[in-house]
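Peer 1: In the numbering used here, the protein residues as written are 101 to 375. First the structure, then my questions, so here it is.
Rendered as structure tokens:
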């Protein structure tokens, strides 16, 4: 059985990277809203994020799909945790085309605000390739692995990559590789099936069957070679996601996400879902 916990993420180089990874990584890791049918879908989900059992953020997700196009929105309020996690806000919007059991990214936009500073990322996609991207202010290239043109093909945005679709809550949901470009970093997330499970806690937004998937993080480019967080995620960290069905819609969303960090477990748990 699942015992709830909570979390929020590590700290890259400075305040800006932390909000990217926290809102992207956590937020997106949570975004597994998926469509398997052409019927219109309007769903929302709320999550609490904790680090070492201490609440550090609240996140709200909205999915709209008219059967041919989708929009995924994420809003996060980060309370902060001393020098580990900076307080601030993050807003993410991902849009694209939906057809059958496929979602194809067309645009991705991120804005974070912290310590009086604003950081934005805008990425455009054509097919499964990056057509444009802009980061303001630009990130430092010192010690950074260059992003090559070949790295920007066959990819999706961070949020839409976690959109899972399927006909049943079973091990096939975990059989996938996500090739992700955030506008800053390019990496792969390899999912694999761990077990069937059951969510029982009355304090969460769902009780019922779930499927547990593990994820391996493989950095490709855009990251800093000597970054402690990146190296820890690639070499030592465990990432686990429990997926639940979104009613009978054919969608499957994360019930819980657990990310092991050098500062303790970063956990995200569903508190409410409506569809």
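The beta carbon of each residue, even a glycine, is placed where N, CA and C say it ideally should be.
Over the uninterrupted alpha helix (DSSP H) stretch that includes residue 328, give me the two end residues.
Peer 2: The residue given as residue 328 occupies position 228 in the chain shown. That run of the alpha helix (DSSP H) goes 328-335.
Peer 1: Between the Cα of residue 230 and those of 220, 329, 286, 177, spot the shortest distance and give me the residue it belongs to.
Peer 2: By one-based count along the chain shown, residue 230 stands at place 130. Looking at the Cα atoms, 286 is the closest of the given residues.
Peer 1: Would you check if the distance between the CB atom of residue 177 and the CB atom of residue 193 is smaller than 8 Å?
Peer 2: By one-based count along the chain shown, residue 177 stands at place 77. By one-based count along the chain shown, residue 193 stands at place 93. For the pair residue 177 and residue 193, the CB atoms are not nearer than the 8 Å cut-off.
Peer 1: Does residue 41 pass the burial test, meaning 16 or more other C-beta atoms within 10 Å, or should it be called exposed?
Peer 2: Lying before the first or after the last residue shown, residue 41 is absent from the chain, which here runs from 101 to 375.
Peer 1: Relative to the alpha-carbon of residue 296, which residue among 233, 312, 322, 329 has its alpha-carbon at the smallest distance?
Peer 2: Here residue 296 refers to the residue found at position 196 when the chain shown is read from its first residue. Of the candidates 233, 312, 322, 329, the one whose C-alpha sits nearest the C-alpha of residue 296 is 312.
Peer 1: Pull up the DSSP beta-bridge partners for residue 320, would you.
Peer 2: Taking the chain shown and counting its residues from 1, one reaches residue 320 at position 220. None, per the DSSP bridge assignment.
Peer 1: Assign residue 195 to one of two classes, buried (16 or more other C-beta atoms within 10 Å of its C-beta) or exposed (fewer than that).
Peer 2: By 1-based counting over the chain shown, the position of residue 195 is 95. It is buried - the Cβ of residue 195 has at least 16 other Cβ atoms within 10 Å.
Peer 1: Going residue by residue through the region 133-186, where are the continuous beta strand (DSSP E) segments of at least 3 residues, counting only ones entirely within it?
Peer 2: 141-151, 154-165, 169-178
Peer 1: Helix, strand or coil: which one does DSSP assign to residue 360?
Peer 2: For the purposes of this step, residue 360 is taken as the residue at position 260 of the chain shown. Looking at residue 360 - three-state DSSP - the assignment turns out to be strand.
Peer 1: Out of curiosity, what's the CA-to-CA distance linking residue 253 and residue 228?
Peer 2: One-based indexing of the chain shown puts residue 253 at position 153. One-based indexing of the chain shown puts residue 228 at position 128. Between the alpha carbons of residue 253 and residue 228 lies a distance of about 6 Å.
Peer 1: When burial is assigned at 16 or more other CB atoms within 10 Å of the CB, is residue 372 buried or exposed?
Peer 2: Locating residue 372 in the chain shown gives position 272, where the first residue counts as 1. Answer is exposed; the Cβ neighbour count stays below 16.
Peer 1: Between the C-alpha atoms of residue 186 and residue 180, what's the straight-line distance to the nearest angstrom?
Peer 2: Here residue 186 refers to the residue found at position 86 when the chain shown is read from its first residue. Here residue 180 refers to the residue found at position 80 when the chain shown is read from its first residue. Answer to the nearest angstrom: the Cα atoms are 5 Å apart.
Peer 1: Any chance you could list the beta strand (DSSP E) runs of at least 3 consecutive residues sitting entirely within the region 270-323, in chain order?
Peer 2: 276-281, 286-299, 308-321
Peer 1: Does the structure place the region 287-307 close enough to the region 363-372 that three or more beta carbon pairs sit under 8 Å?
Peer 2: Segments in contact, yes.
Peer 1: With 16 other CB atoms within 10 Å as the buried threshold, where does residue 356 fall?
Peer 2: Position 256 of the chain shown holds residue 356. Label assigned to residue 356: buried.
Peer 1: Taking the DSSP output, what are the residues bridged to residue 205?
Peer 2: As a first step, residue 205 must be located in the chain shown, where it is residue number 105. Beta bridge pairing from DSSP links residue 205 with 196.
Peer 1: Whole angstroms are fine: how far does the CA of residue 301 sit from the CA of residue 359?
Peer 2: By 1-based counting over the chain shown, the position of residue 359 is 259. By 1-based counting over the chain shown, the position of residue 301 is 201. Each residue's Cα considered, the two are about 20 Å apart.
Peer 1: Within a Cβ cutoff of 7 Å, which residues of the same chain sit near residue 245, ignoring the five residues on either side of it in sequence?
Peer 2: For the purposes of this step, residue 245 is identified with residue 145 of the chain shown, where counting begins at 1. Excluding residues within five positions, the ones whose Cβ falls inside 7 Å are 321, 322, 323, 325.
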